[in-house]
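Have a look at the structure below, then the notes.
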Amino acid sequence: MRIAVAGATGNIGALTVTALERDGHTVVRISRSLGVDLSTGDGLDHALAGVDAVIDVTNGPATGHAETVAYFGTATRNLLAAGERAGVRHHVLLSIVGIDRVEGNAHYAGKREQERLVAAGPLPWTIVPATQFHDFAAMVAGWTERDGVATIAPLLVQPIAPQDVADILAEIAAGEPQGRYADVAGPEPQDLVDMARRTNETRGHTVKLVPTWSAIFGPTMAGTVLLPGEGARIAPTTFDEWLAGQRQDHTSDPAGPGRTNSFDFR
Ligand SMILES: NC(=O)c1ccc[n+]([C@@H]2O[C@H](COP(=O)([O-])OP(=O)(O)OC[C@H]3O[C@@H](n4cnc5c(N)ncnc54)[C@H](OP(=O)(O)O)[C@@H]3O)[C@@H](O)[C@H]2O)c1
């Protein structure tokens, strides 16, 4: 199949491209740095010519509620409209578990807007809600780091390996549209503070972590709110297995992988 990945240069996007190619698909890469912009629509019609399925793993900038909703909304509308013109048969959106249960997080509001537009849109669709990725904890701690100190919310999560997310997206995009897919999660619940501490230690990065609720990650996300629901699809890679890979990667890149996201989403 010919499958387009919107966000192909990102954390999940790059892994998804590799997974699709491994599975024998022809991949069209979409990102602004590659000359295709979902915000303006520039290059989209050309990119989607002959494409059977689209996987949207783009991200949005860390801005306020209204700006984030507008960013995701415009990008999603442009992608869906271009997909309809091109005769795309399956639109796959990566979303996040639990976003309907959390108030006050601008990124989650943007993701809800994406979900709303895709579900009401012109293309057959699958929305894949995933839990936080294994690299999420160190990433969010890194946003607040100043002078060797970082804050991080004491969240209970059930994280998933980025590679497992990519493999599942590649599998789903090659199949029939399924509407809202089961929650997708890793095998074990984890404490986000502990995950960040262990990731930084493994990467040789010294930072003092202070567990703190914030305006973005507040008490409405406490308890089981972010955990997968009934019937979730559980991916195999444990956090410890992923950490072992970070140890190897760290030998070649002291900053460690996963610290280069083009956007964060405070
Ligand atoms: N991190 C987590 O724990 C987690 C959990 C569940 C779901 N998710 C979801 O996973 C998705 C992907 O996250 P990620 O960390 O892989 O993102 P990322 O590393 O920040 O990558 C974002 C990608 O989107 C592209 N992009 C952004 N705006 C674009 C635009 N206007 N037009 C074209 N391309 C655009 C970027 O390339 P250019 O900058 O070159 O345009 C880049 O390729 C997000 O939507 C997030 O909500 C994340």
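With the sequence shown counted from 1, adding 11 to any position gets you the working numbering.
Here a beta-carbon is modelled for each residue, glycine too, at the ideal position from N, C-alpha and C.
Fair warning: this is a prediction, and the values are worked out from it, not measured in the lab.
Is it true that the CB of residue j sits closer than 9 Å to the CB of residue i?
i: Arg112; j: Thr231; result: yes
i: Ala86; j: Val176; result: no
i: Phe83; j: Gly71; result: yes
i: Val139; j: Val204; result: no
i: Leu49; j: Val99; result: no
i: Ala172; j: Gly153; result: no
i: Leu55; j: Ala81; result: no
i: Arg13; j: Val62; result: yes
i: Thr223; j: Thr162; result: yes
i: Gly159; j: Gly229; result: no
i: Ser225; j: Thr142; result: no
i: Ala77; j: Ala15; result: no
i: Leu91; j: Pro133; result: yes
i: Gln174; j: Thr248; result: yes
i: Leu187; j: His101; result: The sequence given here places Glu at residue 187; Leu does not occur at that position. Result yes, Cβ atoms of Glu187 and His101 sit closer than 9 Å.
i: Arg244; j: Ala185; result: no
i: Ala149; j: Asn211; result: yes
Ignore the nearest five residues each way along the sequence and tell me which others in residue i's own chain have a CB closer than 7 Å to its CB.
i: Phe147; result: Pro170
i: Arg209; result: Leu254
In the DSSP output, which residue or residues are listed as bridge partners for residue i?
i: Gln201; result: Val168
i: Ala15; result: Val39 and Val65
i: Ser106; result: Pro140
i: Lys122; result: Beta-bridge pairing links Lys122 to no other residue.
i: Thr223; result: Answer is none; Thr223 lacks a bridge partner.
i: Gly190; result: Thr137
i: Ala161; result: Leu220
i: Val195; result: Ala141 and Arg244
i: His76; result: BP columns for His76 are empty, so no partner.
i: His101; result: Ala64
Just to confirm, does residue i get its C-beta within under 8 Å of one of the non-hydrogen atoms of ligand 1?
i: Met150; result: yes
i: Ala184; result: no
i: Leu105; result: yes
i: Asn8; result: In the structure as shown, the chain begins at 12 and stops at 277. Residue 8 is therefore absent and cannot be evaluated.
i: Ala19; result: yes
i: Thr69; result: yes
i: Ile138; result: no
i: Val47; result: yes
i: His102; result: no
i: Phe144; result: yes
i: Arg112; result: no
i: Phe147; result: yes
i: Ile14; result: no
i: Asn41; result: Residue identity differs from the one stated: residue 41 is Ile in this sequence, not Asn. Answer for Ile41: yes, Cβ within range of ligand 1.
i: Glu76; result: It should be pointed out that residue 76 corresponds to His in this sequence rather than to Glu. False, no ligand heavy atom lies under 8 Å from that Cβ.
i: Ala92; result: no
i: His118; result: yes
i: Ala86; result: yes
i: Ala141; result: yes
Once the 5 residues before and after residue i are set aside, which same chain residues still bring their CB inside 6 Å of it?
i: Arg123; result: Ile110
i: Ala25; result: none
i: His145; result: Pro170, Ala172, Phe250 and Trp253
i: Thr37; result: Arg13
i: Val108; result: Pro140, Thr142, Asp194 and Pro239
Here's a check: name, in chain order, each residue in its chain whose Cβ is nearer than 8 Å to the Cβ of residue i, leaving out the five neighbours to either side.
i: Leu180; result: Ile23, Thr27, Ala30, Ile66, Val68, Val103, Leu105 and Val139
i: Thr20; result: Arg40, Ser42, Ser44, Leu45 and Ser273
i: Pro200; result: Leu167, Val168, Gln169 and Leu238
i: Gln189; result: Thr137 and Ile183
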